[in-house]
Structure formats: C-alpha cells, structure tokens
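See structure below.
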Amino acid sequence: MSAMKIKKGDTVKVIAGKDKGKEGKVLAVNVKDNTVIVENVNMVTKHSKPSAANQAGGITKKEAALHVSNVMLVVDGKATRVGFKMDGDKKVRVAKATGEVIDK
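Residue 78 in the UniProt record's numbering is what sits at position 78 of the sequence shown, and the numbering runs on without skipping anything.
Now the structure itself:
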C-alpha cells in the first residue's frame, strides 16, 4: 500500500463536491478507506437518542468523511499536488507546485 499524501493536521482545499472551494484542517485520516475528515466541511445532521452520556439527545451537526481524492493540500496559500522524495535516508513529502519540502 502506498503512503497517504494527506496527514492529520494538514490544511486542505476541497476540489470536488458540494463544499468545493472550502478550506479546513484535517481532523482525521482513515488509510483503510482512503477518507479524511475536514473541519467544518461536509457537515451532516446527526440525530441522537438521550443516553447516560448525552442527557438531552437531539439533533447535532458533525463532519462526515470525504474521499482523499476530493481534497488538495494547501502549501503557502496555494493548493498543490504532493510527491515524495528521499532526503538522505528519510522519505519526505514535496509540494509539486513549488518543489518545497513539506515535512521538516
């Protein structure tokens, strides 16, 4: 399996779907399903029953997963593709637009 080009904590821009053009921080990455959860993007309504943990229950809004192909990494305010290269004996991510190393 190849390495994920998007990691938790990255800033990404949505390039497809109902939230196209929005930017946000990656909250979670699911490598198995190739999905990411982005802050305040792809919001869905969740109905929850009252329980011991949630006394009130009710309707809440939360982020749903997006496929990783629908987001693009933002480096220096510009959306870019991501590549990999060897930096000595360490594999690092590189922004294709600028050639800049993302992982220090």
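Idealized CB from N, CA, C, for every residue including glycine. As the structure is a computational prediction, the values presented were derived from the model and not from experiment.
| query | Among VAL44, GLY99 and ILE59, which has the Cα closest to the Cα of PHE84? | reply | Among VAL44, GLY99 and ILE59, the Cα nearest to that of PHE84 is on GLY99.
| query | Nearest-angstrom Cα distance between LYS8 and VAL38? | reply | Cα to Cα, LYS8 sits roughly 9 Å from VAL38.
| message | For GLY57, count the other beta carbons within 10 Å of its own beta carbon; 16 or more makes it buried, fewer makes it exposed. Which is it? | response | Exposed, by the Cβ-count rule.
| said: Report the start-end ranges of each alpha helix (DSSP H) in the region 21-99 that is 4 residues or longer and not cut off at the edges. | reply: Correct list: empty.
| Which one of ALA95, VAL68 and ARG81 has the shortest CA to CA distance from ASP33? | Per the Cα distances, VAL68.
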